[in-house]
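*Asks:* So the sequence shown is numbered by UniProt numbering: it starts at 1 and just counts up by one. The C-beta atom is built at its ideal place from N, Cα and C for all residues, glycine as well. As the structure is a computational prediction, the values presented were derived from the model and not from experiment. Quick one: the structure is below, questions incoming.
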Amino acid sequence: MRYYITGTAGFVGFHLARRLLEEGHDVAGFDGLTSYYDVRLKEARHAALAQFPRFAPTIALLEDQAALRRSMAEAKPDIVIHLAAQAGVRYSLENPRSYVESNVVGTFNLLEIVRELRPRHLLLASTSSVYGANPTVPFREIDKADEPLTIYAATKRACELMAHSTAHLYRVPTTAFRFFTVYGPWGRPDMALFKFVRAILADEEIEIYGEGRMSRDFTYVDDLVEGILRLAALPPDEANRVGAGNELDTLSHQGPYRVVNIGGGQPVGLLELVDAVERALGRKARRRMLPMQDGDVPRTFASPDLLEALTGYRPATNLETGIKAFVDWYREAQASLR
């Protein structure tokens, strides 16, 4: 099988590409190696993937539609998985234009090419941030997602809607999957787990926002990859609609399009996360409690019911196991990450 993955130097894209390469698939990757965080980590991920002869990377920005078109046309993919994006809730308050350019314009460029190449299935990454401050838990795919609290969330919701129009107009089977706080080895330095581990080992204060009252539905990266690949094998179609009427499924009546959460439905409080990190490191954190930041939400809480109904799978790696895996990786890699 030929896969085309954008964002292969990113956290999730790296793990997804490595899994597929280990299984013997052809993977064409596309990444801009932007400097949102330490480029050395991104380069190290690509270097690890380069050990596989079936990996063919292109280094360019999504905004460069000509480069993207050449790369995708050469790859002739069966399945396209679009992960590349300008990520990060807080950075979107500082540099909102980069989110519009990378996420909205970049995704538009990809959709225009996809409608020409017509792969078997297009999958694209979205985020739990589209639910905003949803008061109803757990978050279900059929809940409102039209009150974003940040430009980041707004751009990801816009990508979902553009993808739906492509599915409707050009009948390209499309699945959008919503992430919930992904963590694990090779993770992003701007995420809480990475920051906490680095600070505790350096005997520095950790900053705990929302006075520690926030909670997140943490998803281990291998569980996310498993969910993506199971969905990749299920292009949206009336033959695989689940649930009575439209009470569970988000399969569109206007085209082969579906939105699915990938999360375990087990939110963890921020202070519980800190406790687990302390146990994994065998050290106590110096805690600094701070108010909630602009754009933050008090909780995320995935309903995994649709994912499980479609694929028989729900993320299940417990937090202690996942944090230990991250800490083990970090201890080995920290010399090159300083």
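1) Cα separation between residue 341 and LEU110?
2) I'd like to confirm the pairing. Which residues does DSSP put opposite GLY269 in its beta bridges?
3) What did DSSP end up calling ARG314 once you bin it into helix, strand or coil?
4) Pick helix, strand or coil for PRO57, following the three-state DSSP scheme.
5) Could you check how far apart the C-beta atoms of GLY132 and PRO119 are, in whole angstroms? I think they sit under 8 Å.
6) Pull up the CB-CB distance for THR181 and ASP217, whole angstroms please, since I reckon it's below 8 Å.
7) Using the three-state DSSP reduction, which class does LEU124 fall into: helix, strand or coil?
8) Do ARG178 and ILE79 have their CB atoms nearer than 8 Å?
9) Would you list the one or two residues that DSSP bridges to PHE179?
10) Thinking C-beta only, is PRO138 closer than 8 Å to PHE301?
11) Give me the residue from ALA145, THR250, TYR209 and LYS324 with the minimum Cα distance to LEU290.
12) Check ARG45 in the structure and name its three-state DSSP category.
13) Tell me which residues share the same chain as ILE200 and place their Cβ nearer than 6 Å to its Cβ, disregarding the 5 neighbours each side in the sequence.
14) Could you name each continuous beta strand (DSSP E) segment of 3 residues or more that falls completely within the segment 50-101, going from the start of the chain to the end?
15) Can at least three beta-carbon pairs, one atom from the segment 82-93 and one from the segment 5-18, be found at a separation below 8 Å?
16) Short of 6 Å in beta carbon distance, which residues of its chain neighbour TYR330, apart from the five on each side in sequence? Order them along the chain.
17) Taking all protein chains shown into account, do 16 or more other C-beta atoms lie within 10 angstroms of the C-beta of ALA145, making it buried, or fewer, making it exposed?
18) Examine the Cβ distances between the segment 234-254 and the segment 303-317 and report whether three or more of them are shorter than 8 Å.
19) Take every Cβ of the segment 60-76, pair it with every Cβ of the segment 36-52, and state whether three or more of those distances are shorter than 8 Å.
20) On the DSSP letters alone, give me the boundaries of the beta strand (DSSP E) that GLU207 sits inside.
21) When the Cα of VAL104 is compared with those of THR150, PHE11 and GLU160, which residue comes out closest?
22) Would you list the residues sitting across from MET289 in a DSSP beta bridge?
23) So ARG140 is in the alpha helix (DSSP H); what residue range does that whole segment cover?
24) For ALA302, list the residues DSSP reports as bridge partners.
25) Would you tell me roughly how many angstroms separate the C-alpha atoms of GLY99 and ALA125, rounded to the nearest one?
26) Which partner residues does PHE14 have in the DSSP bridge list?
27) Take the Cβ of GLN86 as the centre, count every other Cβ of all protein chains shown within 10 Å, and call the residue buried at 16 or more, exposed below.
28) In whole angstroms, give me the CA-to-CA distance for ALA233 and GLY295.
29) So, helix, strand or coil for TYR152, using DSSP?
*Replies:* If we stick to the structure as given:
1) Only positions 1 to 338 of the chain appear in the structure, and residue 341 is not among them; the question remains open.
2) Sequence index remark: in the sequence shown, residue 269 carries index 269 (1-based). DSSP, once it has assigned bridges, lists SER215 as partnering GLY269.
3) Indexing the sequence shown from 1 puts residue 314 at position 314. Reduced to three states, the DSSP call for ARG314 is coil.
4) By 1-based counting over the sequence shown, the position of residue 57 is 57. Three-state result, PRO57: strand.
5) Within the sequence shown, the letter at position 132 stands for residue 132. Within the sequence shown, the letter at position 119 stands for residue 119. With a Cβ gap of about 31 Å, GLY132 and PRO119 do not count as contacting.
6) Translated into the one-based positions of the sequence shown, residue 181 becomes position 181. Translated into the one-based positions of the sequence shown, residue 217 becomes position 217. About 6 Å; that satisfies the 8 Å criterion.
7) Looking up residue 124 in the sequence shown gives position 124. Three-state result, LEU124: strand.
8) What you label residue 178 is simply residue 178 of the sequence shown in a count that begins at 1. What you label residue 79 is simply residue 79 of the sequence shown in a count that begins at 1. No, the Cβ-Cβ distance between ARG178 and ILE79 is not below 8 Å.
9) Numbered from its first residue, the sequence shown carries residue 179 at position 179. Bridge partners of PHE179: THR127 and ILE262.
10) Walking along the sequence shown from the start, residue 301 turns up at place 301. Walking along the sequence shown from the start, residue 138 turns up at place 138. In contact: PHE301 and PRO138 (Cβ atoms closer than 8 Å).
11) What you label residue 290 is simply residue 290 of the sequence shown in a count that begins at 1. Closest by alpha carbon: TYR209.
12) Counted from its first residue, the sequence shown places residue 45 at position 45. DSSP places ARG45 in helix when its eight states are reduced to three.
13) Here residue 200 is taken as the residue at index 200 of the sequence shown, counted from 1. Within the same chain, ILE200 has close Cβ partners LEU281, ARG283 and ALA285.
14) 55-59 and 79-82
15) yes
16) As a working mapping, residue 330 is identified with position 330 in the sequence shown. Contacts found: VAL197.
17) Residue numbering aside, residue 145 sits at position 145 when the sequence shown is read from its first letter. Answer is buried; the Cβ neighbour count reaches 16.
18) yes
19) no
20) On the sequence shown, residue 207 is found 207 positions in, with the first residue counted as 1. Segment 205-208, the beta strand (DSSP E) holding GLU207.
21) Working through the sequence shown from its first residue, we reach residue 104 at position 104. Measuring from the Cα of VAL104, the nearest candidate turns out to be GLU160.
22) Numbered from 1 along the sequence shown, position 289 holds the residue referred to as residue 289. ILE208, per the DSSP bridge assignment.
23) By 1-based counting over the sequence shown, the position of residue 140 is 140. Premise fails: ARG140 is in no alpha helix (DSSP H) and is neither H nor E.
24) Numbered from 1 along the sequence shown, position 302 holds the residue referred to as residue 302. The partner list for ALA302 (beta bridge, DSSP) reads PHE139.
25) If you number the sequence shown from 1, residue 99 lands on position 99. If you number the sequence shown from 1, residue 125 lands on position 125. Per the sequence presented here, residue 99 reads as Tyr, with Gly not at that position. Their Cα atoms are separated by approximately 14 Å.
26) Your numbering for residue 14 matches position 14 in the sequence shown. Beta-bridge pairing links PHE14 to no other residue.
27) Translated into positions along the sequence shown, residue 86 becomes position 86. It counts as buried.
28) Here residue 233 corresponds to residue number 233 of the sequence shown, with the count starting at 1. Here residue 295 corresponds to residue number 295 of the sequence shown, with the count starting at 1. Each residue's alpha carbon lies about 35 Å from the other.
29) For the purposes of this step, residue 152 is taken as residue 152 along the sequence shown, with counting starting at 1. Helix at TYR152.
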